[in-house]
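The next block holds one structure in the form of structure tokens; read it before the comments.
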Amino acid sequence: MSIIRQTIDVDRRPEDVYDYVTDTPRMPEWQLSAVSAERLDEGPFGIGSRVRVTRHMGNRVMPMTMEVTEYEPPHIWGMQGVDGPVRARVHGEVEPFDEGRRSHVTIEVDFEGHGFGKMLVPLVVRPQVRKELPRNEQLLKDRLEREGA
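Those letters in the sequence shown? Residues 8 to 156, by the working numbering.
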């Protein structure tokens, strides 16, 4: 299956957008399926940092551990699931435009299923994320632009 990819323009500086999307406890504010997100380690956030994200997947609530795989402020971030039946790979980019006052935000998501997750990915997870990702990006835009006003 192909990567799920969505882009939106946000009327905020790339630094503001990047700081928000990489502030993991704020994930539930702009990601519809996220119930909670918490850092599992201490110290500066960066490559190797781990986060436990609990999500609604269909009619289940599933915790998963994500590890930061890309961290290039204020432009690129990425995370990879390291446990659970459904492991996401997320790649995000924030590109400046309008002389750095606005941002193009692109998020790409792909999945790997393990055990019963192999059935969940095509039947539940991909369809849910295809519907949810555009809504998530709109929530991200709305929150950031409202906070910046």
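Virtual Cβ for every residue (Gly too), placed ideally from N, Cα, C.
D117 has R96 as its beta-bridge partners, per DSSP. Excluding sequence positions up to five before and after G65, its CB lies within less than 6 Å of the CB of V131, all in the same chain and listed in chain order. The way I'd put it, the segment 28-42 does touch the segment 50-60; three or more beta-carbon pairs between them come closer than 8 Å. Judged by DSSP in its simplified three-state form, G65 adopts coil rather than helix or strand. Bounds of the beta strand (DSSP E) holding G88 are I83 to G88. Judged by beta-carbon spacing, E152 lies within the 8 Å limit of D18, meaning their Cβ atoms are closer than that value. For the pair G85 and R137, the Cα-to-Cα distance works out to about 19 Å. Bounds of the alpha helix (DSSP H) holding R153 are R133 to G155. For the pair R94 and W37, the Cα-to-Cα distance works out to about 20 Å. E22 has no beta-bridge partner at all, per DSSP.
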